[in-house]
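**Q** Start counting the sequence shown at 0; every next residue gets the next number (numbering that gives the first Met the number 0). Starting off with a structure, shown below.
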Amino acid sequence: MKSLSRRERLIALRENSQPPVLIIGGGINGIGVFRDLAAQGVNVVLLERGDFCCGASAALSRMIHGGLRYMENGEFQLVREALAERNRLLKNAPHYVAPLKTTIPIYEYLSGILNASLRFLRISTAPTRRGAVIIKTGLTLYDIFTRKDRVMPTHTFDGKAKTFRKWPDFHKNVKCSATYYDAWITYPERLGLELIQDAEDLNDKALALNYMEVTASDGKSVTVTDRNTGEEFILQPGTVINATGAWLDVTNKALNSPDSDGKPRLVGGTKGSHLIVNNTKLYDLLGDQMVYYENQEGRVCIMFRYFGNVLIGSTDLKVDDPDDVYCETFEKDYILESLAFVFPNLKIRDDEIVYVFSGVRPLPFSDANVTGRISRDHQSRVFPGEKPGDFDTICMIGGKWTTFRAFGEQVTDKILARLGLPRIASTIAEPIGGGKDYPHDEVAKQAWIARTQKATGLQADRLRTLLDRYGTKAADVARFIQEGDDAPLVNASDYSRREIEFVLESESVVRLEDLLLRRTVLGIGGRLTLKLVDEMLEIMSKKLDFTPDMKAAELDYTLDRLARFHGLNAVRLDHKQVA
């Protein structure tokens, strides 16, 4: 791993002030093209104004999927591409991406046929409930699209009697059900980080920095400010890739030279909010499956187990300001009311909602009244520089988590053509991070644990936890732990002090929020308490040499963010039980 300190990275950035390619935006799309360009040996710099994968890339539904419902919009090529990329992630990132058995409760047999046809022909935009025929058609296409690369079972249908034997608590109006497989991701933010690390390991001319914001541009140069220190850097890139997602149009304005006419609006995002619920009955009802269902309006919702709780979502609302996005009370009510269409006798108390999160899907700008009609596909658009010597800008528009590799590959090919360089490597079959040499069955896992135990002396159960958390990169973590005095965290005993120090030393952590919400799943896992926040801050303060004032300011900032964006105010944190 290119384990550079932040100061070393800033020095490297100043020394590389004229990169051929500058990527602005460290979400999964920007990271995808960064990795692919690095694999081609290109001198590329990636800058993110917040933390890596802190926006929409942290607010996904934790699904890696083909997009079953996108076929109603006629986006068959997107679904085909997404299914291929899903299967590649199952192979290349098996430590984080796994099959997810999914059941769809169905309330009608023929409902939705006419409306689906009208939607496909773009005559109607109204959502509607989908009957068995429509769902059967979609799942059959799913199976056809993956027939040459079959990695999971094909779909099945169950009649009413069999459905209720499996799901006795389903709504009485359910007439049948369908079961198929997609996939889910445990640590999406960590996978994004591993892609960055892989790129930097592969190419010494690849450099990524978080908390770096574009603050000015004259068309030839870009002024970037370190949000941590206020230090400014002047870069003169050959080409700029704008991969800022929902902030794409804002970034384009910042990149325009003063005498530029500007660029057209390209992105119009929609907000998706999710709940993390700690309800034992719902957890037990779901078992190891996801339930993919429709609410009263025909909008798709999901629920499945996630780190000891249940993830439920999502909403789909147009938003104007991507900086001010949080799960509002009416969204919570909407999601919980939708839940009653599947399990009518199940009630969720407010204190069982242990975490909420929201993000803005960076969809292509559209004036469609129904958000579900807006394309989920991706595209790139090139804006030449205004004057000779100005940099060109390539905008990455749209995209979804599952297809980041394919989108990155497509943009990389454009860059290579502009640079007159051949493609020398493919990422199609390239393992990601801890997915390299990952043991695929229990026998192989036991063998890996035995080898690593012999090398480090750590207990087998501890090594299994690390393997689940980091994949085969757990060997690096284990060696680091073994080299010093270690102890379990008082308030989260499955983590340890040395493990957290490893993360702080090697994973570009700048803020406490990075540690709580993205390098670990303590936040989304519903495990944060005031005592745990304080304990993590104490470790971070010592490792990063915080002054008392910096430490106090960081605590205030973190608690404000947890309350505002994740429903965790100080009173609620104080009353939660220690994990």
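A virtual CB, placed ideally from N, CA and C, is assigned to each residue, including glycine. This structure is a prediction, so every number in the text was calculated from the model and none was measured.
#1: Please classify residue 202: is it buried, with 16 or more other beta-carbons within 10 angstroms of its beta-carbon, or exposed?
#2: According to DSSP, simplified to helix, strand and coil, what is residue 477?
#3: With a 10 Å radius around its C-beta and 16 neighbouring C-beta atoms as the bar for buried, classify residue 94 as buried or exposed.
#4: What do you get for residue 263, buried or exposed, if any count of 16 or more other CB atoms within 10 angstroms of its CB means buried?
#5: Are residue 351 and residue 276 close, meaning C-beta to C-beta below 7 Å?
#6: Could you check if residue 556 is buried or exposed, using at least 16 other CB atoms within 10 Å of its CB as the buried criterion?
#7: Which one of 561, 314, 10 has the shortest CA to CA distance from residue 297?
#8: Which residues share a DSSP beta bridge with residue 272?
#9: Taking residue 391 as part of the beta strand (DSSP E), name the residues at either end of that continuous run.
#10: Roughly how many angstroms lie between the CA atoms of residue 61 and residue 131, to the nearest whole one?
#11: Does residue 414 come out as helix, strand or coil in the three-state DSSP assignment?
#12: Would residue 80 and residue 552 be called neighbours here (beta carbons separated by less than 7 Å)?
#13: Using a Cβ-Cβ cutoff of less than 7 Å, which residues in the same chain neighbour residue 40 once the five nearest sequence positions on both sides are dropped?
#14: For residue 57, which of helix, strand or coil comes out of DSSP?
#15: Per DSSP, what kind of secondary structure is residue 241 in: helix, strand or coil?
#16: With H, G and I counted as helix, E and B as strand and the rest as coil, what does DSSP make of residue 314?
#17: Residue 94 by DSSP, collapsed to three states: which one?
#18: Distance, Cα to Cα, residue 319 vs residue 504?
#19: Taking C-alpha atoms, which residue in 234, 148, 175 lies nearest to residue 108?
#20: In this structure, how does DSSP classify residue 329 when only helix, strand and coil are distinguished?
#21: Flag this pair as touching only if the segment 224 to 243 and the segment 56 to 73 have three or more C-beta atom pairs under 8 Å; answer yes or no.
#22: Between which residues of its own chain and residue 180 is the CB-CB distance below 7 Å, once the five residues before and five after are set aside?
#23: Classify residue 116: buried if its beta carbon has 16 or more other beta carbons within 10 angstroms, exposed otherwise.
#24: In terms of residue numbering, what span does the beta strand (DSSP E) encompassing residue 305 cover?
#25: Taking its Cβ as the centre, do 16 or more other Cβ atoms sit within 10 Å of residue 439, making it buried, or is it exposed?
#26: In whole angstroms, what separates the C-alpha of residue 534 from that of residue 339?
#27: Who does residue 179 pair with in a DSSP beta bridge?
#28: Pairs of beta-carbons, one from the segment 24 to 37 and one from the segment 489 to 496, closer than 8 Å: are there three or more?
#29: Taking the C-alpha atoms as reference points, what is the distance between residue 559 and residue 324?
#30: Are the beta-carbon atoms of residue 247 and residue 265 separated by less than 7 Å?
#31: For residue 544 and residue 484, I'd like the C-alpha separation in whole angstroms.
#32: Alpha carbon to alpha carbon, how far is residue 345 from residue 572? Give it in angstroms, no decimals.
#33: Given a cut-off of 7 Å on the beta-carbon distance, is the pair residue 213 and residue 253 in contact?
#34: For residue 267, tell me which candidate among 273, 321, 286 has the shortest Cα-Cα distance.
#35: Tell me the DSSP secondary structure of residue 382 in three-state form.
#36: Residue 539: buried (16+ other C-beta within 10 angstroms of its C-beta) or exposed?
**A** Checking against the coordinates, here is how it stands:
#1: When all chains shown are included, residue 202 counts as buried.
#2: helix
#3: buried
#4: Counting the other CB atoms within 10 Å of its CB gives residue 263 a total below 16, which places it among the exposed residues.
#5: yes
#6: exposed
#7: Among 561, 314, 10, the Cα nearest to that of residue 297 is on 314.
#8: For residue 272, which the question treats as bridged, DSSP gives the partners 357.
#9: 391 to 397
#10: C-alpha separation (whole angstroms): 26 Å.
#11: helix
#12: no
#13: 202, 423
#14: helix
#15: strand
#16: coil
#17: coil
#18: 37 Å
#19: 175
#20: helix
#21: no
#22: The answer, listed in chain order, is 98, 99, 100, 101, 151, 152.
#23: Model confidence at residue 116 stands at a pLDDT of 48, short of 50, so the residue's coordinates are unreliable; what they give is reported in the following sentence. The residue is exposed, with fewer than 16 neighbouring Cβ atoms inside 10 Å.
#24: 299 to 305
#25: Exposed: under 16 other Cβ atoms inside 10 Å.
#26: 39 Å
#27: 101.
#28: no
#29: As the crow flies, the alpha-carbon of residue 559 is around 14 Å from that of residue 324.
#30: Note that the C-beta distance between residue 247 and residue 265 is below 7 Å.
#31: 19 Å
#32: 25 Å
#33: yes
#34: Checked all of 273, 321, 286; the closest Cα to residue 267 is 321.
#35: strand
#36: buried
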